[in-house]
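Read the structure below first, then the notes.
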Amino acid sequence: MSNKLWIAIAFFLTLIIFIIVGTFNYKIDSLGLFKDNIYDRIAKDLSNGKIISGLSNFDERIFRKKQIEHLKNHVQFVAIGSSRIMLLRKNMFLKDGISDFQNYSVSGASIEDYLALLQIHINKFGRLPKNVIFGLDAWIFNKNNGQTRYLSLNDEYLQFRKKLNTKKEFNQKIKSNFFYLLSIEYAKENKASKNKELKYYTTNTIEIDDALRMPDGTIYYPYKNRFPDFNEVENIAKTYAKGNVYSLERYEKISNIEIFEKLITYLKNNGVNVYFYLTPYHPTTYDILISQEKYKIINEVEIYVKEFAKQNNIKVVGSYNPHLLNLKNEHFFDGMHSLDIAYEIIFKDLLK
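If you want this note's numbering, it's the position in the sequence shown, counting the first as 1, plus 1.
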């Protein structure tokens, strides 16, 4: 065969592959780039005031992105952080006259998530939120925290990162929808998504023993965590601190300072009121942690955050040290997650 024929055959086969990949990616479209998917349907239910129950094994960041995109009204107050601020509800710190609050938090949030979620808000509303409450876990400042889940929102992260003009060079580029349409990697993600069907149901009450997603972005845990056995909680808190501690391993020094400070400066320069929440550990967990040299850095992080906040006139609530807040075993359901009652204690004076 002539070279021209070989080239024609190769071109034809390549075209067939792209058509197959593109068709598959368009049909499954796990990120909802080309058409509404199950995340959009869930987000629409939430925007219509329904409570989502029983949802599990899903990409929480894509879920959160869709929830923001389907909001009907601009929000005045936004909470951003990990699951350790996900129980923060409007009635814990806001008067009844202000209804526009949303909790944008995602499990295991990293600094990259902060940027991405703010960019999603901008893409939706055309402007920044007026007030942002950041839940600051100690691992935010650990470059070895192992958090990569933000990559589901990598394009939005890169969009916002460019606004900050950080010194660190990064070569990642924002990908177009056309790239995703023909991407083999996206096809792999879609295949995995196809094999993992999301199931949920809607309800109008929180009085059920299941994981609940609320219209304001907050959550309710199943009864085991909502109404825990406090003898069991104490044991869980001890066990938590004796293994590898979540995202605190290889914590060599306080990192991510430049991007964090530039983020906060950017927000304040654009008229955003910023608040910091230092997420407390269970008292037993905390005592075990700070008794070990490698975890004492969490106290250094708290000192840094409070000093930075003081210099920039930012209100700080909470503390990694639960003893400073007079929190006890009965305020937690495990080693690092507090109950609603702890939030009510910590946030009651946020706006005073």
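By construction, the Cβ of each residue, glycine as well, lies at the ideal position given by its N, Cα and C atoms.
### Message
Between T219, K225 and G218, which has its C-alpha nearest I209's C-alpha?
### Response
K225
### Query
Since H71 and D114 are thought to touch, with beta carbons under 8 Å apart, how far apart are those beta carbons, to the nearest angstrom?
The Cβ separation is near 19 Å, so there is no contact.
### Task
Throw me the rounded Cβ distance for the R65 and Y105 pair, which I believe falls under 8 Å.
6 Å
### Task
Answer with buried or exposed for L152, where buried requires no fewer than 16 other C-beta atoms within 10 angstroms of its C-beta.
exposed
### Query
The beta strand (DSSP E) with Q103 in it runs from where to where?
Run containing Q103: F102 to N104, per the beta strand (DSSP E) assignment.
### Query
Should I121 and L159 be called a contact, given that it needs their Cβ atoms to be closer than 9 Å?
Between I121 and L159, the C-beta gap is not smaller than 9 Å, which leaves the two residues out of contact.
### Query
Below 8 Å, can you find three or more Cβ-Cβ pairs linking the stretch 126–134 to the stretch 272–288?
Touching, yes.
### Task
Using beta-carbon positions only, say whether N145 and R251 come within less than 9 Å of one another.
yes
### Task
Can you give me the Cβ contacts of H324 inside the same chain, cut-off strictly under 7 Å, excluding the 5 residues immediately before and after it?
P284
### Query
Nearest to D101 by alpha carbon, out of Y267, I255, N166 and F78?
F78
### Task
Could you name the residues that DSSP lists as bridge partners for Y202?
S54
#### Entry: Cβ-based neighbour list, M87, same chain, cut-off 7 Å, excluding 5 preceding and 5 following
N104, S106, T219 and I220
### Query
Considering only residues of the same chain and omitting the five flanking positions on each side of F59, which have a CB-CB separation below 7 Å?
L199
### Query
Which of helix, strand or coil does DSSP assign to Y221?
strand
### Query
Are Y305 and I347 close, meaning C-beta to C-beta below 9 Å?
no
#### Entry: As assigned by DSSP and simplified to three states, the class of S292
coil
### Query
So what does DSSP say about S48, is it helix, strand or coil?
helix
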